[in-house]
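Each residue of the sequence shown is one higher than the one before, starting from 36 at the first, in the working numbering. Think of the CB as a built atom: it goes at the ideal place given N, C-alpha and C, for glycine as much as any other residue. The structure displayed is predicted, hence computed values, not measured ones.
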Amino acid sequence: MNLWPYALCVWMIAGAWGIAGPAAAQEPPRADYYVYVGAESEDLLHRIRFGPAGAVLDRTIPVGEIAVETEGPHGLNISPDGRFLFMTTGHGVPDGKLWKFHAGPDTLVGDPILLGQFPATLDLTPDGLYAFVANFNLHGEMVPSSVSVVYTPDMIEVERIETCTMPHGARIDAAGNFLYSACMMDDQVVEIDTRSFAVSRRFSVAVDHEGALPAEPPPGGGHGHAGNAGASAGHTPPTCSPTWVVPTGNGHSLLVACNRGDRILEIDRESWSLARTFRTGRGPYNLALTPDDAVLVATLKQGAGVQFFDMETGRTLAVARSSTTVTHGVVTSPDGRYAFVSVEGVGAEPGKVDIFDLADFSRVAEVEVGQQAGGIVFWKMVDSTGHGGGRAAQPTGTVMLSSSQEK
């Protein structure tokens with residue numbers, strides 16, 4: 036659906052956010068932008084095209100291999116060269132799988148591989164040789180789960196790294212040296228060295244206990260916070276419940292979405308300390324930055340909206356409504372002009388992909404997709420003459436499924 040002729044409601048900021056005002060329609064795009072999104076409750080993968088003629092559902096690909104079970108396409112990512120699309124499914128026999136497609140033809144490269152329990156968000160090293168997949172373990176016991184490492188040319192799992200309870204989100208820094216994943220039930224961020232396949236650092240994001248933790252949990256499997264480092268995995272209820280972590284493009288910081296705490300934390304990577312806190316609307320879930328690190332976009336899962344921040348000042352620029360409820364994943368275009376947001380909907384409602392203009396934060400288009408739209412990834416940008424552009428420079432996914440997310 037093309038919304039260019041209309042002024043849409045964007046809650047613009049005038050000193051304090053929450054003041055409503057109309058947003059003028061911007062000039063239509065001069066290129067075609069392509070994103071993939073998964074519909075988790077219908078086992079569908081959709082390709083969306085957005086360009087001068089508006090936004091359309093370009094293609095729908097049925098996925099899965101078990102006729103009697105919804106397998107749930109969850110996390111998505113694209114290889115750095117744009118040739119391959121990777122997808123996780125959260126359910127199976129009983130675990131989910133990692134799939135590899137030829138992007139464009141959308142045909143399978145080979146058989147999918149089994150990973151851990153409920154594989155969710157995934158990211159790839161800059162050379163595309165390794166995929167890191169968070170095994171979310173949504174339906175299992177509250178025990179530490181893992182991140183799987185897959186050698187992508189042969190689609191072989193080469194390592195499974197125990198991290199924490201309900202690992203969620205997986206993003207690699209621009210240099211490709213470290214992967215960061217959040218721990219929803221342990222109120223932690225875990226750093227994994229992509230060269231040694233080992234946990235290198237941990238950080239507590241629990242309210243009033245933010246700070247460094249030992250890289251290895253104490254004997255007995257505890258995964259406590261800085262003020263309770265010996266807590267057992269029997270669990271104190273999380274106060275942050277982080278669902279996403281993304282490194283800034285310049286490598287200086289990490290940004291962490293506290294879904295329960297209604298805030299975003301900025302962690303200084305060098306000092307490994309809390310640098311800033313951003314106040315958010317209800318339920319920040321997935322995060323994305325523009326390639327220049329100027330604008331941070333946060334989906335508000337429980338708040339049915341999207342919040343935009345100025346990274347230099349930390350101020351909220353706008354909060355915009357989603358086209359339906361349960362806002363999920365977000366990616367930005369490589370030119371920093373648009374944000375593409377997946378929105379799940381509820382019950383039998385269709386999912387949506389909302390497109391926001393980052394010049395004025397208005398919702399300029401929306402596309403109806405299958406139920407429970409979740410993981411979303413940017414594929415490519417093609418100029419009006421038909422020549423190819425590049426894929427997004429910043430981490431994408433779930434949402435990745437990122438995600439994300441992602442549940």
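Of all alpha-carbon atoms in V376, D395, R295, the one lying nearest the alpha-carbon of K387 is that of V376.
Using a C-beta cut-off of 8 Å, the segment 272–284 makes contact with the segment 214–222, since at least three inter-stretch Cβ pairs fall below that distance.
For Q342, the enclosing beta strand (DSSP E) has its first and last residue at 340–345. In the structure shown, E401 falls within a strand segment according to DSSP collapsed to helix, strand and coil.
Cα atoms of T187 and F121: separation of roughly 9 Å, rounded to the nearest angstrom.
The alpha-carbon separation between L393 and L331 amounts to approximately 10 Å. The Cβ atoms of D418 and G371 lie no closer than 8 Å to each other.
Put simply, the backbone Cα of H287 is about 21 Å away from that of A233. Residues H109, G110, T123, T124, G125, D130, G131, K132, L133, V168, A169, N170, F171, S183 of the same chain have their beta carbon placed closer than 8 Å to that of P154, with the five preceding and five following residues left out of the count. For L173, the three-state secondary structure derived from DSSP is coil. Here T359 has V378, G380, E384, K387 as same chain residues with Cβ atoms under 7 Å from its own Cβ, once five neighbours each way along the sequence are excluded. When DSSP reads this structure, P154 sits in a beta bridge with N170. Measuring C-alpha to C-alpha distances from G318 to each of V341, L289, D67 identifies V341 as the nearest. Closest by C-alpha distance to L309, out of V240, V72, E251, R82, is V240.
Secondary structure note for G204: its beta strand (DSSP E) is the uninterrupted segment 202–207.
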